[in-house]
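J.:
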Amino acid sequence: MLVLIFGPIMSYQYRLTGPNQWAGARDALFTYKQRFIAPFKC
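Numbering (full-length UniProt numbering), first residue to last: 1 to 42.
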């Protein structure tokens, strides 16, 4: 997962594994660019 290595640090990374896993964490990591750019589109 190059997003984890070269992408920005996001809180979703801590939800991939562990006691407080979140099923949508992986999708949130891979779609952060679309969600970041969306407000700037005209």
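The beta-carbon is built from N, C-alpha and C at its ideal position, and this holds for glycine as well.
None of these values were measured; they are calculated from a predicted model.
Terminal residues of the continuous alpha helix (DSSP H) containing residue 36?
T.: 32–37
J.: Report, in whole angstroms, the separation of the C-beta atoms of residue 23 and residue 12, which I expect to be a contact under 8 Å.
T.: Contact flag wrong, Cβ pair sits at about 11 Å.
J.: Please list the terminal residues of the continuous alpha helix (DSSP H) segment that includes residue 4.
T.: That run of the alpha helix (DSSP H) goes 2–6.
J.: Could you tell me the distance, in whole angstroms, from the CA atom of residue 31 to the CA atom of residue 19?
T.: Within the model, the alpha-carbon separation for residue 31 versus residue 19 is close to 23 Å.
J.: Within the same chain, show all residues whose beta-carbon is closer than 7 Å to that of residue 21, passing over the 5 residues directly before and after it, in chain order.
T.: 15, listed in sequence order.
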